[in-house]
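When the letters of the sequence shown are read in order and numbered with the UniProt record's numbering, they come out as residues 1 to 307. Glycine residues also receive a C-beta, built at the ideal position from the N, C-alpha and C atoms. From a predicted model like this one, the values you see are computed outputs, not experimental measurements. A quick write-up on the structure given underneath.
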Amino acid sequence: MSMPIVEATPLKSTAAEPRQRYVQCASPAGLHRVAYTEWGDPANPRVLLCVHGLTRSGRDFDALARALCREYRVVCPDVAGRGLSDWLAEPKYYGVPQYIADMVTLIARLNVETVDWFGTSMGGLIGMALAGLPNTPIRKMLLNDVGPHIEPVALQRIGQYLGKPAEFATLDEGIVHASTLAASFGTLTDEEWAQINTPLLREREGRWGFRYDPGIALPFAAATDETNAAGEAFLWHSFVSIKSPVLVVRGETSDLLSRETVEQMVARGQAVESCEMAGAGHAPAFLAAEQIEVARRFFLENRSDGA
1 MSMPIVEATP LKSTAAEPRQ RYVQCASPAG LHRVAYTEWG DPANPRVLLC
51 VHGLTRSGRD FDALARALCR EYRVVCPDVA GRGLSDWLAE PKYYGVPQYI
101 ADMVTLIARL NVETVDWFGT SMGGLIGMAL AGLPNTPIRK MLLNDVGPHI
151 EPVALQRIGQ YLGKPAEFAT LDEGIVHAST LAASFGTLTD EEWAQINTPL
201 LREREGRWGF RYDPGIALPF AAATDETNAA GEAFLWHSFV SIKSPVLVVR
251 GETSDLLSRE TVEQMVARGQ AVESCEMAGA GHAPAFLAAE QIEVARRFFL
301 ENRSDGA
């Protein structure tokens, strides 16, 4: 399969600003608040839900949200245990089933029947599982460098840093460290790294550290070959059930999503297209104009809502 290569150039910002919101959700261990940023007209019935990767935050999508908030009400949650959202009382509930429940609660809060979905890495796993359910609210979905099969080498890489203690003397030191962990996002400017990494960090008693709950590493570390295989089988079952249009975006040098997996997704899915982002690995940052234009074309061309 030949996938088009997308080059990247910097994106000029616009004046749009987000609103910070919260919604109360439930787990078997109790209640927790999920934070989200909302961009654009709050009365716009067209919602784009952007869901981030494993240790990231909804502020990863600021550039994308600014670019699309005239057409969409763009909503970017911090998944439980990350960003400004509460940590779960029981870390064992950090997983796709809980995240789906939280996203369904969020969609109900938004008072819309359908959403379009942009999912990076973990956000794409959540999206695949939700989109495969009967009566899913997902109308279109972009999967950013993720599929039902995750390469073992990527799981090993993630396991080397996930949940490990990290303290920094300054905010800048933390930003640089986070940039090193995310180096495969592509070639970003210092300003862009600061924009997407500052929300990941917080100060406590004069030292800086990551906001995310180290407990998210516990279910990850407890996974076995058997549970990983069962999870992959479930995701393939969900993926082939998705009737809505799907665009799979792969980073050119991704160690998580292989070209072979993308080929299988296109062959086995019902309405799946793919493209590849040049100069990026796992996962394309979608800060560049050409990258954002890929999302714009997918979500806004051939609209079926009559708008």
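Tell me whether the beta-carbon of residue i lies closer than 8 Å to the beta-carbon of residue j.
i, j, result
"T253", "G281", "yes"
"E151", "L247", "no"
"L200", "A178", "yes"
"A129", "I138", "no"
"W39", "A16", "yes"
"G251", "A283", "yes"
"R21", "D86", "no"
"residue 316", "V266", "The question about residue 316 has no answer, for the chain in this structure spans 1 to 307."
"residue 308", "V79", "The question about residue 308 has no answer, for the chain in this structure spans 1 to 307."
"G124", "N144", "yes"
"G81", "D213", "yes"
For residue i and residue j, which I take to be in contact (beta-carbon distance under 8 Å), what is that distance rounded to the nearest angstrom?
i, j, result
"M141", "G119", "7 Å"
"S244", "A271", "7 Å"
"I216", "Y36", "Actually they do not touch by this definition, with Cβ atoms about 18 Å apart."
"V23", "T105", "6 Å"
"A67", "R296", "7 Å"
"L218", "P28", "About 16 Å; that fails the 8 Å criterion."
"L287", "E167", "The Cβ separation is near 28 Å, so there is no contact."
Roughly how many whole angstroms lie between the Cα atoms of residue i and residue j?
i, j, result
"N111", "A169", "43 Å"
"F298", "G279", "21 Å"
"S57", "R259", "27 Å"
"V146", "T55", "15 Å"
"V240", "I292", "26 Å"
"R268", "S238", "11 Å"
"E203", "R211", "9 Å"
"A229", "H149", "9 Å"
"R157", "A43", "42 Å"
"T224", "I242", "27 Å"
"L235", "E205", "42 Å"
"G163", "M103", "24 Å"
"L188", "N197", "12 Å"
"I126", "P97", "8 Å"
"R70", "R46", "10 Å"
"C25", "D60", "22 Å"
"S121", "A182", "13 Å"
"A194", "E290", "21 Å"
"D41", "E226", "46 Å"
"P18", "P77", "12 Å"
"T14", "A65", "Confidence at T14 is low in this model, with a pLDDT of 40, below 50, so the placement of that residue is unreliable and no value is reported for it."
"residue 324", "V262", "Any property of residue 324 remains undetermined from this structure, which presents the chain solely from 1 to 307."
"L88", "A101", "13 Å"
"F185", "R109", "32 Å"
"E276", "Y161", "27 Å"
"P165", "W117", "32 Å"
"E273", "V176", "35 Å"
"A233", "Q264", "13 Å"
Hey, is residue i's beta-carbon within less than 8 Å of any beta-carbon in chain C?
i, result
"H282", "Among the protein chains of the structure shown there is no chain C, as only one such chain exists."
Use the C-beta contact count for residue i: other C-beta atoms within 10 angstroms, 16 or more gives buried, fewer gives exposed.
i, result
"H52", "buried"
"T136", "buried"
"G30", "exposed"
"D190", "exposed"
"D172", "exposed"
"Y72", "buried"
"A285", "buried"
"V6", "Unreliable positioning characterises V6 in this predicted model, as indicated by a pLDDT of 45, which lies under 50. The coordinate reading is nonetheless provided below. When all chains shown are included, V6 counts as buried."
"V153", "exposed"
"Y99", "buried"
"T180", "exposed"
"E301", "exposed"
Taking DSSP's pairing of strands, which residues face residue i in a bridge?
i, result
"D116", "L48, K140"
"G251", "M277"
"Q20", "T37"
"F168", "W208"
"H246", "The identity of residue 246 in the sequence shown is Val, whereas the question assumes His. Answer by DSSP bridge pairing, in chain order: M141, V272."
"S184", "None, per the DSSP bridge assignment."
"V75", "E38, L49"
"R202", "G209"
"R30", "Residue identity check: residue 30 is Gly in the sequence provided, not Arg. Partner(s): S27."
"A217", "Answer by DSSP bridge pairing: none, since A217 is not bridged."
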